[in-house]
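A quick write-up on the structure given underneath.
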Amino acid sequence: MSSRKFMGNAALVFAGIFFLSGCASVDEWSVFEPDYSEKLAKETDREKPVETEEWIAPENLPTKVVRDGEEVYEVSVEEAVFLALQNNPELRVQTLNPVIAGAFVQIERGVFDPELYALFEYQEENLIEASRSTEEEFSVDGSSRAAEVGIRQRLPTGTDLELAAVQEQSVSNRTPEQNEARLGLTVTQSLLKGFGPVVNLASIQLAEWDSLISQYELWGYGEALIADVEIAYWRWVLARREIAIFEQSFAVAELQRDEIEQRIELGALPENDAAAVRAEVALRRRDLIDAQSALEESRLRLARMILPDGFVLQGGDVLPTSEPQLEEPPPLENIDERIQLALESRPDLREAELRLDQARLETIVSRNGLLPRLDFFLSLGKTGYASSFSDSFRNLDGDTYDWSIGGEFSYPLGNRAGRGEQLAARATRDQALQSIRNLRRVIRTDVLLAANELERTRRQIGATAATVELQRQSVEAEKERLEVGIGTSLQLSQVQRDLLEAEIERVRAIVQYRIAQVELYLAEGSLLERRGIVLSPRFGAGR
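For the sequence shown, the positions run -26 to -1, 1 to 517 when mature numbering (1 follows the signal peptide of the UniProt record, and there is no 0) is used.
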């Protein structure tokens, strides 16, 4: 058997094997199944963070000071916000969304990048042919080689360009060696569907809007995070104030109990007066335990948002330095201006406006999809023929050439896909428009509700201050009544409890005012600006 026959038979055998393996079910390809766990383990070893900003530095911790000979950490509300921006892991996750969205812009722009390509093909044949005149059979042995290199590019106008250089060589025992070289240019232009930059650049514009939307989402998340941090900080301050009040009231209750028990021993008071003060001490102890638990809970919630992963502070190692405002603030004014500010600044509204622009552009693109496809093409070529490789290129300046021109038309009968896309795009546009109208109403309501809550807490500051003063006078009066024997320890305990509640409500009113102020700024969309946090110049560039 000749070597050529052996190679031919071997090729047929291998082709049969591959054909049969291709008919096998995918579930039966276990021999080809890769070890993904090993691949992922190797990939994990090579993982590096995407370049965005500097990662968490060890210095991003609360300020350490010495108080009464012990090192403690002090945190102001401004420092808490700064630490959250530096250390919050959820914010780190959100900062990668604009990076991902920006990468899709590059992907869409890459559609119009020029593409360099190359092709090489070798063919060999052994045929038996018969002469038409003598009917004599003879063998034909031949081979051919073809190589092509070129560059092609799609333009935003809907034009496809391709410039190629081709060289073909054929050798046979019946004909002399022949070489052909060709330089060709092919132009294909869409005339209806897919025509024009408006349609072909739409994917880039949509991706750029997606990138800007991701930044507005990050803006909104950052504002919400800062609001959560400030609210958690003031609740922590409130819990510490409540602890101080409960500890003081507990000490007063114990002192009052001791005085009552001493007077009972002297016979100045009946024995049953001790039950009321002892019950009051137990009640104050219970309230103190609840307050201590609430303080630890508020501290842990704040620490989760502002401290680096793995850094733990004990309850007594960290102290707040910012104090809520004590005097009654002035009334809130310019509500209409605040509503207008919210309509101009809220990131969720600006995001919704961009989504409306996207829906409108999708409507334009889908309208183009209703058109039939009609493509015009033109091919021009300059050829050179010779018996050698080099001479075929030298002969390109000869008279030989080729050209072709034509068109291609296609249209799906019924075009249900195009009509469906157009309907979906129009419905999405209407949905986005209705969402903006509804969101504007929601924003107005948010500002009005936040302003109403701020005004309520402002007025409560003055009201609770007056209540505390009156309750203190009641306690002093009840003490005098008890000393002269016309009052009881139960009545004194009741007015002391009323004073405790009034003092707690006073502190709560002050802290709730600060919280309401933060929520108003959040409703306005001005919290970042009011806190001196400057956004990238890319924000706002889309509108």
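All C-beta atoms, glycine included, are put in the ideal place defined by N, C-alpha and C.
> Out of curiosity, what's the CA-to-CA distance linking Ile507 and Ala253?
Replying inline: 52 angstroms
> If Ala316 and Ile417 are in contact, beta carbons under 8 angstroms, what's the gap, nearest whole angstrom?
Replying inline: 5 angstroms
> Under a three-way DSSP split, which group does Gln299 fall into?
Replying inline: coil
> Between Gln491 and Arg455, what straight-line distance do the alpha-carbon atoms span, to the nearest angstrom?
Replying inline: 43 angstroms
> Three-state secondary structure (DSSP) at Pro294?
Replying inline: strand
>> Using CA atoms only, rank isn't needed, just tell me which of Thr441, Arg505, Gln97 and Val292 is closest to Glu142.
In response: Gln97
>> For a test of the three-state rule: what should DSSP assign to Ala515, helix, strand or coil?
In response: With a pLDDT of only 43 at Ala515, under the threshold of 50, the placement of this residue in the model should not be trusted, and no figure is reported.
>> Going by DSSP in three states, Lys356 sits in which element: helix, strand or coil?
In response: strand
> Taking the alpha-carbon positions, what's the Ala268 to Glu221 distance?
Replying inline: 14 angstroms
>> Relative to the C-alpha of Asp232, which candidate in Glu216, Ala250 and Ala218 has its C-alpha closest?
In response: Ala250
> What are the residues that DSSP puts in a beta bridge with Gln163?
Replying inline: Thr133 and Phe350
>> As a quick exercise: from Arg347, Tyr487, Val46 and Ser500, pick the residue whose alpha carbon is nearest that of Pro304.
In response: Tyr487
> If you draw a straight line from the alpha carbon of Asp376 to that of Leu159, how long is it in whole angstroms?
Replying inline: 11 angstroms
> Should Ala424 be labelled buried (16 or more other beta-carbon atoms within 10 Å of its own) or exposed?
Replying inline: buried
> Would you call Arg215 buried or exposed, if buried means 16 or more other Cβ atoms sit within 10 Å of its Cβ?
Replying inline: buried
>> In this structure, how does DSSP classify Glu327 when only helix, strand and coil are distinguished?
In response: helix
> Taking the alpha-carbon positions, what's the Pro511 to Leu186 distance?
Replying inline: Bear in mind that a pLDDT of 44 at Pro511, under 50, signals an unreliable position, so the number given afterwards is only what the model happens to contain. The straight-line gap from Cα to Cα measures roughly 12 angstroms.
> Do you know whose CA, among Glu64, Val161 and Val211, lies nearest Gly380's CA?
Replying inline: Val161
> Where do the N-terminal and C-terminal ends of the alpha helix (DSSP H) with Ser366 fall, by residue?
Replying inline: Phe363 to Arg368
> Whose CA, out of Arg433, Ser409, Arg324 and Gly343, lies closest to the CA of Ala391?
Replying inline: Gly343
> In this structure, does DSSP put Arg432 in helix, strand or coil?
Replying inline: helix
> Per DSSP, what kind of secondary structure is Ser144 in: helix, strand or coil?
Replying inline: strand
> Under a Cβ-count criterion, where at least 16 other Cβ atoms within 10 Å of its own Cβ denotes burial, should Asn61 be classed as buried or exposed?
Replying inline: buried
> Any idea what DSSP makes of Thr26, helix, strand or coil?
Replying inline: Annotation note: pLDDT 49 at Thr26 (below 50); position unreliable, coordinate value reported separately. DSSP places Thr26 in coil when its eight states are reduced to three.
> Which residue comes first and which comes last in the alpha helix (DSSP H) that contains Asp310?
Replying inline: Ile309 to Ser319
> With 16 as the cutoff for other CB atoms within 10 Å, does Glu318 come out buried or exposed?
Replying inline: exposed
> Leaving out five residues before and five after Arg126 in sequence, what residues of the same chain have Cβ atoms less than 6 angstroms from its Cβ?
Replying inline: Glu89 and Glu136
> Can you give, in chain order, each stretch of the alpha helix (DSSP H) that sits fully within the segment 152 to 224 and has at least 4 residues?
Replying inline: 171 to 174
> Any idea which residues DSSP pairs Arg119 with across the strands?
Replying inline: Tyr96 and Gln143
>> Check this for me: beta carbons of residue 534 and Leu397, under 8 angstroms apart or not?
In response: The first residue shown for the chain is -26 and the last is 517, placing residue 534 beyond what the model contains.
>> Nearer than 7 angstroms: is that true of the beta carbon of Leu407 relative to any heavy atom of the ligand NAP?
In response: With respect to the ligand NAP, the structure shown offers nothing to examine, as it has no ligands at all.
> Does DSSP classify Ser340 as helix, strand or coil?
Replying inline: helix
> For the alpha helix (DSSP H) that contains Gly76, what are its first and last residues?
Replying inline: Pro63 to Arg83
>> Measuring alpha carbon to alpha carbon, tell me which residue in Arg471, Arg347, Gln405 and Ile219 is nearest Asn389.
In response: Arg347
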